[in-house]
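Novice: Just dropping this structure here.
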């Protein structure tokens, strides 16, 4: 799976994560999408490191991995911004 698909999944996952985390536009939906891309890449990479498929194609499993990675990275990003 190429990095391009991780980026596309990440953008979508970042948007989904921003909806799940109740982000409004003033809180930075665009930043959440960017962090979602990072989260999808990190999530896919980490899943590969533990021997599981990461973002493997356009399927539900890949979207779940990307959204979980996005939620984690967005949460960490918000925690750092509050400091």
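In the numbering used here, the protein residues as written are -1 to 81. Where is the CB? At the ideal position from N, CA and C, for every residue including glycine.
Quick one: grab the DSSP three-state call for residue 56.
Specialist: Locating residue 56 in the chain shown gives position 58, counting from the first residue. Residue 56: coil per DSSP, three-state reduction.
Novice: Counting only the same chain and skipping the five closest in sequence on each side, list residues whose C-beta sits under 7 Å from that of residue 44.
Specialist: Translated into the one-based positions of the chain shown, residue 44 becomes position 46. Excluding sequence neighbours, residue 44 sits near nothing in its chain.
Novice: Would DSSP call residue 27 helix, strand or coil?
Specialist: The sequence position of residue 27 within the chain shown is 29, counting from 1. Looking at residue 27 - three-state DSSP - the assignment turns out to be helix.
Novice: Can you tell me whether residue 81 is helix, strand or coil according to DSSP?
Specialist: Taking the chain shown and counting its residues from 1, the one referred to as residue 81 is at position 83. Three-state result, residue 81: coil.
Novice: Determine whether the beta carbon atoms of residue 68 and residue 37 lie at a separation below 7 Å.
Specialist: Here residue 68 corresponds to residue number 70 of the chain shown, with the count starting at 1. Here residue 37 corresponds to residue number 39 of the chain shown, with the count starting at 1. Yes.
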